[in-house]
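Here's the structure, in structure tokens; my notes come after.
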Amino acid sequence: MQEGLLRQQAALGAIADATARRLQQTNGVARDLSRAQEGWRQTVEGNLNQFAGRVQEALRETVQQERGQAQARILALEAENQHILQEVEAYRAHVEEMARREAVAQEARAQQQREAAGLAANLQQVAQQVAGLQGAVAQRLTEVDTAAANRAQGVEAVVAQQLEVQSHTLGAITRVLEGLERRLGELERRPTVPAGGGAEVHPRPPMYASEEVESVPGPAGEGGRPRAASTDPLPPFAPRPQPEIALQPFPHSQGGYQESAFESERPPLRRADFQEDARAPSEAGGTHFTARVNALGQGGVVEPLALEALRGMPVQRFSGNRRDFAAWREKWEDFYHLLVAAQGDVHPHILFQFLGNWLDEASAVELKARSRGNPSLTYDEFFADLCRQWSSDFSRGRIGAWKKVRLEVAGGRTTLSAWRAYWARLQQTLQEAEQPHDEEVREHLLRILPEGLQSMVVREEVQARRKQRWVRVRCPDGVPTHNVLSELQARRMVPADLEDDEVQWKGRQLMINVRTLAEQMRTLRYDGAELEQSHGRVRITDWEANFSPEQIRQLVHDKLEVEEVVQDYRNAGQRPEERPQGKGRRPWDGSNSRWPNQVRQVDAETPYTVAPVGE
1 MQEGLLRQQA ALGAIADATA RRLQQTNGVA RDLSRAQEGW RQTVEGNLNQ
51 FAGRVQEALR ETVQQERGQA QARILALEAE NQHILQEVEA YRAHVEEMAR
101 REAVAQEARA QQQREAAGLA ANLQQVAQQV AGLQGAVAQR LTEVDTAAAN
151 RAQGVEAVVA QQLEVQSHTL GAITRVLEGL ERRLGELERR PTVPAGGGAE
201 VHPRPPMYAS EEVESVPGPA GEGGRPRAAS TDPLPPFAPR PQPEIALQPF
251 PHSQGGYQES AFESERPPLR RADFQEDARA PSEAGGTHFT ARVNALGQGG
301 VVEPLALEAL RGMPVQRFSG NRRDFAAWRE KWEDFYHLLV AAQGDVHPHI
351 LFQFLGNWLD EASAVELKAR SRGNPSLTYD EFFADLCRQW SSDFSRGRIG
401 AWKKVRLEVA GGRTTLSAWR AYWARLQQTL QEAEQPHDEE VREHLLRILP
451 EGLQSMVVRE EVQARRKQRW VRVRCPDGVP THNVLSELQA RRMVPADLED
501 DEVQWKGRQL MINVRTLAEQ MRTLRYDGAE LEQSHGRVRI TDWEANFSPE
551 QIRQLVHDKL EVEEVVQDYR NAGQRPEERP QGKGRRPWDG SNSRWPNQVR
601 QVDAETPYTV APVGE
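Going letter by letter, the sequence shown gives residues 1 to 615 in full-length UniProt numbering.
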């Protein structure tokens, strides 16, 4: 038991020792923890102090940045405020300027009203002056007519004097011929020398002809007084014949000036022919009527040529097509220079009359209106405006705009309504834009038409050419027609052995049947040929060789219209009419009825309705 106690005491002692050691260890751990806590506290305090310093530094920097930004904002606001003040000042100045301008405008309007009143007064004075000028012009025209009548009387006196001189000349020639006949009778009454005897008689050489003494009849009878024979066939006081105008020959003629019954082959007249020594055409032959008469009497060259060219130059009226203006302008300028060369200074009113005959209708009406509204209008001013109007090109967007009009074609076919709409749009585009030639429009139409209509148009043209092989000769007014056919046959433009029924006259048009295709093709080589005449031109053209755009339009329209009618007729034949025509025939009669006898009744109480099977 004691051993047990001892063992317990020993165990307790061991436990106490272990507990003491454990306490020692715990105390050591507590000391270590306290030391670690102190170190951690010191570390935390250091970190906190360091963080606080950093925060204070950051706050200090942030405050400095905010202060700088605030100062910058303050400066910007001050600058913006200054700008707003400047804008306010500018607006105030603008308002003041507008008020000043309004005052100036009111003053200007008042000045314009005063000027308008002054202009009205001036216009009234101008109207009075124009009335006075019209009276002065009428008086001047009367004086000019009186002077022209006096000049005409002077010309008649000159002509009468020339006729008197010519009558004296003819009397002198008659007397000389009577004297020569008497001398011839005396020579016949003289005795002749017998053959083989006497002296041989030789003719007197021409060099001694001036020494012959000629018996001039006088009051003494046959003898008269002797005088020396003159080589001049006319007396000295008779006027000498006018020299011939030197004309250059044509390249194909031998000998220069030649005339026939149908034409006059003369060289083409140029502007250089009417200018002498670089002088103006109006100065070449003089501007006064007496000066022109003297120039004709002295063998002048400029004015006779110009007058003759004017007589043979036909009027070329402008077609109104922009593309023809250049050629027409060249012809008109040639006529104008010839007129100036022949007449000198021409009054603008007379020039406007000539120009109105050459212009198209619209331009002629405009010329008449402008000349009436502005009496001081000059020829150069109006002609410059005319050239500016017709020579200006269209904008690039409008050139060829008529070619962009589309024709509705579906499945190689078109309809009548589509063709009518296309033609209306085409005509509107042609009126608004350029004006092409008919040949160009014809080619474009043939190109856009469907294949069937193209072949139809070409077939109709070929049939028209083969059906009547006629050529047409158009003779303008003033051209003699009795020798046109003989001249054409002489030039081998038409067959020479034409029968009476192969030549037909339709007014001023000569229709000639050329019989064969070869003759027609040979004649068509002269298509557009012109035979120059002194009074106009004779033009040879083909008779309906090709269809014009209007003929193509009508042909296609008729074709489509017929097709539409035929199609409507076929469509109408596919379905019966609503109520067949007949005497008392009803749809439900059954026999010999166009409708089947099936009846569809909507309601027993309502009237029944009849319809074909399948509806």
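Each residue gets a CB set at the ideal place from its N, CA and C atoms; glycine is no exception.
Item: Three-state secondary structure (DSSP) of Arg406; Value: coil
Item: Cβ separation of Thr429 and Trp402, assumed to be a contact under 8 angstroms, to the nearest whole Å; Value: 4 angstroms
Item: Gly400 to Lys506 span [Cα, whole Å]; Value: 39 angstroms
Item: Three-state secondary structure assigned by DSSP to Gln509; Value: strand
Item: 8 angstroms Cβ cutoff met for Glu451 and Phe547; Value: no
Item: As assigned by DSSP and simplified to three states, the class of Val346; Value: coil
Item: Residues that Gln504 bridges to, as DSSP identifies them; Value: Met511
Item: Straight-line gap, Gly39 to Leu75 (C-alpha atoms, nearest Å); Value: 53 angstroms
Item: Per-residue burial, Thr26 [other beta carbons within 10 Å of its own, 16 or more giving buried]; Value: exposed
Item: Residues near Ile552 in its chain [Cβ-Cβ closer than 7 angstroms; skip 5 each side]; Value: Arg442, Leu445, Val457
Item: CA-to-CA distance, Val126 to Leu367, given in whole angstroms; Value: 23 angstroms
Item: Residues bridged to Arg413 [DSSP beta-bridge criterion]; Value: Ala410
Item: As assigned by DSSP and simplified to three states, the class of Leu359; Value: coil
Item: Cβ-based burial, Gly412 [other Cβ within 10 Å; buried from 16]; Value: exposed
Item: Helix, strand or coil at Ser215 [DSSP, three-state]; Value: Low per-residue confidence applies at Ser215: pLDDT is 42, beneath 50, and the placement is therefore not dependable, though the value from the model is reported in the following sentence. Residue state, collapsed to three classes: strand.
Item: Proximity test, Cβ basis, 8 angstroms: Glu78 and chain D; Value: The question asks about chain D, but that chain is absent: this structure has only one protein chain.
Item: Three-state secondary structure assigned by DSSP to Leu163; Value: helix
Item: DSSP three-state assignment for Glu499, whether helix, strand or coil; Value: coil
Item: Boundaries of the alpha helix (DSSP H) in which Arg388 is found, first to last residue; Value: 379 to 391
Item: Three-state secondary structure (DSSP) of Met456; Value: helix
Item: Beta-carbon separation (whole angstroms), Glu499 vs Ile512, contact threshold 8 angstroms; Value: With a Cβ gap of about 11 angstroms, Glu499 and Ile512 do not count as contacting.
Item: Nearest-angstrom Cβ-Cβ length linking Gly356 and Ala364, presumed shorter than 8 angstroms; Value: 4 angstroms
Item: Between the CA atoms of Leu163 and Glu178 - distance to the nearest angstrom; Value: 22 angstroms
Item: Residue from Gly132, Arg508, Ser455 whose Cα sits closest to the Cα of Thr481; Value: Arg508
Item: 8 angstroms Cβ cutoff met for Val562 and Leu453; Value: no
Item: For Asp345 and Ala131, the rounded distance between their alpha carbons; Value: 26 angstroms
Item: Asp385 vs Ser319 beta-carbon contact at 8 angstroms; Value: no
Item: Proximity to Val565 [Cα-Cα], best of Thr415, Leu449, Val479; Value: Thr415
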